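Protein chains in written order, with our numbering: chain A, 1173 to 1280; chain B, 34 to 155.
Note that beta-carbon positions come from the ideal geometry of N, C-alpha and C, so glycine has one too.
These numbers come from a predicted model, not from an experiment.
Structure, as structure tokens:
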């Protein structure tokens, strides 16, 4: 099965900072990569599909890039509501998909 | 957009079987446009894909859990279920059910249940 390695596992940043989270696949997954945001106590919410397609209603400060094995999620200017956990998900092997281990974004 | 709701015991004893049901409302499960999945999250950890099922009952289980997992679907009642046998404390987690794209939005989990915490303890 395909392993997804996400880094960092946690990150401290300030409002207004630019942050980047990385996700690496153990094999080529083309652009079959989604990003989710999870507020504590809530189910994940889809932010980006197919590596770079921003979902309707998601602020433009979020962006996704990459293909093959290396992917990034960037938040250009952190807002207070962005402090949450972020998860990447590969769907190359849909419907048996895998997630990265998650990144917890905390306020510095 | 479908709404999903998990139900089942919140406490299971070690070595017993965890059983959960996910009831889907706001749309029929009887479609090839989606799969239906179980995903879990141990406290403070990441998301783990348990398995998926189609409306026809075809199942896809995570290799790490395959020997202990059974999923079923009942499209007449618009629900699907999870059974996980021989549980240990390592199976303590929030369990989510989710709708997964099978065509246009390939693999996207676009609807989730609220999640239910299942604790394995004697």
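In chain order, which continuous runs of the beta strand (DSSP E) of length 3 or greater are located wholly inside the stretch 1186-1271 of chain A?
-> 1191-1197, 1205-1210, 1217-1221, 1234-1239, 1242-1247 and 1257-1262
Counting contacts by CB-CB distance shorter than 8 Å, is residue 1273 (chain A) in contact with chain B?
-> Translated into the one-based positions of the first chain, residue 1273 (chain A) becomes position 101. Answer yes: the Cβ-Cβ gap between residue 1273 (chain A) and chain B drops below 8 Å somewhere.
Using alpha carbons as the reference points, say which of A:1275, A:1259, A:1276 and A:1277 lies closest to residue 1269 (chain A).
-> Residue numbering aside, residue 1269 (chain A) sits at position 97 when the first chain is read from its first letter. Taking only the C-alpha atoms, the option nearest residue 1269 (chain A) is A:1259.
Under 8 Å between C-beta atoms of residue 100 (chain B) and residue 93 (chain B) | Reading the second chain from its first residue, position 67 is the one you call residue 100 (chain B). Reading the second chain from its first residue, position 60 is the one you call residue 93 (chain B). Against a cut-off of 8 Å, the Cβ pair of residue 93 (chain B) and residue 100 (chain B) comes out as no contact.
Take residue 1175 (chain A) and list the residues in its own chain whose beta-carbon comes closer than 6 Å to its own, dropping the five residues that flank it on each side.
-> Your numbering for residue 1175 (chain A) matches position 3 in the first chain. Result list for residue 1175 (chain A): 1198, in chain order.
Residues of its chain near residue 70 (chain B), where Cβ-Cβ distance is below 6 Å and the 5 sequence neighbours each way are ignored | Position 37 of the second chain, counted from the first residue, corresponds to residue 70 (chain B). So the qualifying residues of the chain are 85, 131 and 133.
Would the beta-carbon of residue 145 (chain B) fall within 8 Å of that of residue 1215 (chain A)?
-> Along the second chain, one-based indexing puts residue 145 (chain B) at 112. Along the first chain, one-based indexing puts residue 1215 (chain A) at 43. Yes; because the gap between Cβ atoms is below 8 Å, this pair is in contact.
Give, in chain order, every residue of the stretch 1201-1232 of chain A whose Cβ lies closer than 7 Å to some Cβ of chain B.
-> 1204, 1206, 1215, 1216, 1218 and 1221
How about residue 122 (chain B) and residue 1267 (chain A): are their beta carbons less than 8 Å apart?
-> What you label residue 122 (chain B) is simply residue 89 of the second chain in a count that begins at 1. What you label residue 1267 (chain A) is simply residue 95 of the first chain in a count that begins at 1. The answer is no: Cβ separation not under 8 Å.
Quick one, which residues of the stretch 135-153 of chain B are near chain A if we go by CB-CB under 8 Å, in chain order?
-> 135, 138, 139, 140, 141, 142, 143, 145, 146, 147 and 148
Indicate the three-state DSSP secondary structure (helix, strand or coil) for residue 122 (chain B) in the structure shown.
-> Here residue 122 (chain B) refers to the residue found at position 89 of the second chain. The answer is helix: DSSP assigns residue 122 (chain B) an H, G or I state.
Do three or more CB pairs link the stretch 1245-1256 of chain A to the stretch 1219-1237 of chain A at distances below 8 Å?
-> yes
Looking only at DSSP bridge pairs, what is residue 82 (chain B) linked to?
-> Here residue 82 (chain B) refers to the residue found at position 49 of the second chain. Answer is B:72, bridged to residue 82 (chain B).
Could you tell me whether the Cβ atoms of residue 102 (chain B) and residue 88 (chain B) are closer together than 8 Å?
-> For the purposes of this step, residue 102 (chain B) is identified with residue 69 of the second chain, where counting begins at 1. For the purposes of this step, residue 88 (chain B) is identified with residue 55 of the second chain, where counting begins at 1. Taking 8 Å as the Cβ cut-off, residue 102 (chain B) and residue 88 (chain B) do not qualify as a contacting pair.
Name, going along the chain, the residues of the stretch 1255-1270 of chain A whose beta-carbon falls closer than 9 Å to a beta-carbon of chain B.
-> 1257, 1259, 1261, 1262, 1263, 1264, 1265, 1266, 1267, 1268, 1269 and 1270
So does residue 1266 (chain A) have its beta carbon nearer than 7 Å to some heavy atom of the ligand FAD?
-> Of ligands this structure carries none, so the ligand FAD is not represented either.
Residues within the stretch 112-134 of chain B neighbouring chain A, beta-carbon criterion of under 7 Å = Taking 7 Å as the Cβ-Cβ cut-off against chain A, the residues of the stretch 112-134 of chain B that qualify are 129 and 133.
Since residue 1173 (chain A) meets chain B, which of its residues come closer than 9 Å, beta carbon to beta carbon?
-> What you label residue 1173 (chain A) is simply residue 1 of the first chain in a count that begins at 1. Under the 9 Å cutoff, chain B gives 95, 96 and 97.
Nearest to residue 151 (chain B) (by Cα), restricted to the options B:141, B:38, B:52 and B:35 | One-based indexing of the second chain puts residue 151 (chain B) at position 118. Residue 151 (chain B) has its Cα closest to that of B:52, out of B:141, B:38, B:52 and B:35.
What's the gap between the Cα of residue 1179 (chain A) and the Cα of residue 42 (chain B)?
-> Translated into positions along the first chain, residue 1179 (chain A) becomes position 7. Translated into positions along the second chain, residue 42 (chain B) becomes position 9. C-alpha of residue 1179 (chain A) to C-alpha of residue 42 (chain B): approximately 35 Å in a straight line.
Identify the contact partners of residue 82 (chain B) in chain A, using a Cβ-Cβ distance below 8 Å as the criterion.
-> Indexing the second chain from 1 puts residue 82 (chain B) at position 49. Within chain A, the residues near residue 82 (chain B) are 1268, 1269, 1270 and 1271.
Compute the distance between the beta-carbons of residue 153 (chain B) and residue 120 (chain B), then report whether it is under 8 Å.
-> Counting from 1 along the second chain, the entry for residue 153 (chain B) is found at position 120. Counting from 1 along the second chain, the entry for residue 120 (chain B) is found at position 87. Their beta carbons are under 8 Å apart, which means residue 153 (chain B) touches residue 120 (chain B) by this criterion.
Same chain, Cβ closer than 6 Å to residue 118 (chain B), five either side skipped, listed in chain order = The residue you call residue 118 (chain B) lines up with position 85 of the second chain. Counting only residues of its own chain and dropping the five nearest sequence neighbours on each side, residue 118 (chain B) has a CB closer than 6 Å to the CB of 50 and 101.
Buried or exposed: residue 1163 (chain A), going by 16 or more other Cβ atoms within 10 Å of its Cβ?
-> Look at the range of chain A in this structure, 1173 to 1280, and you will see that residue 1163 (chain A) is not part of it.
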